[in-house]
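If you read the sequence shown in the numbering used here, its first letter stands for residue 22, the second for the next number, and so on.
This report concerns only the one structure given below.
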Amino acid sequence: MEEIKRLLLEEKATLLLGIQGKTDKQNKIVSDIGDAIDSSVEEQERELDLLLQDRNQARLIGIEEALKRMELDDFGYCDECGENISKKRLLAVPLTRMCINCQSIEERSKLAQNAFSRADYTSQVLTDE
Ligand SMILES: [Zn+2]
């Protein structure tokens, strides 16, 4: 479990650095905006950065939650069935909340739902079970 904790702490540090770096860059763009010739490109870049930052922040929150669960000794159990999630799986996807079995069931049902909505199936069919 120490191994996974270290993995999470490392990724947390990387994300924090990334978020910090992006913020600096954004401040710079704002101060340079006056003489920006191709401002629409910069605008797009900035939106992309913000999007990326949102994702990093969400990931960071996930990591912090995982670390908290580790402290409470509530880490590495499947939310669905309560079984231990394999260490191999945790190393690959440390933020997962489901064991491989439940995950594949979930993914299959999501796929099925997508297929339903693509076929413009009414939601009645899905909620009626
Ligand atoms: Zn499970």
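Ideal placement from N, C-alpha and C gives every residue a C-beta, glycine not left out.
Query                                                                                                                                 : Result
Report yes if the C-beta of E127 is less than 7 angstroms from at least one heavy atom of ligand 3; otherwise report no.              : This structure simply doesn't include ligand 3; it includes ligand 1 instead.
Taking 8 angstroms as the threshold (C-beta atoms), are G97 and L111 in contact?                                                      : yes
Determine the direct distance from the alpha carbon of M119 to that of E23, and round the result to whole angstroms.                  : 20 angstroms
Alpha carbon to alpha carbon, what distance is there between I121 and E150?                                                           : With a pLDDT of 46 at E150, under the threshold of 50, the modelled position of this residue cannot be trusted; read the value that follows with caution. Going from the Cα of E150 to the Cα of I121 covers about 25 angstroms.
Taking the straight line between their C-alpha atoms, what separation do you get for K33 and E85?                                     : 8 angstroms
Is it buried or exposed, A87, if we count other Cβ atoms within 10 angstroms and call 16 or more buried?                              : buried
Return yes when at least one heavy atom of ligand 1 lies under 7 angstroms from the C-beta of N122, else no.                          : yes
Can you pull the DSSP bridge partners for N105?                                                                                       : Y98
According to the neighbour-count rule (16 or more other Cβ atoms, all chains shown, within 10 Å of its Cβ), is L29 buried or exposed? : buried
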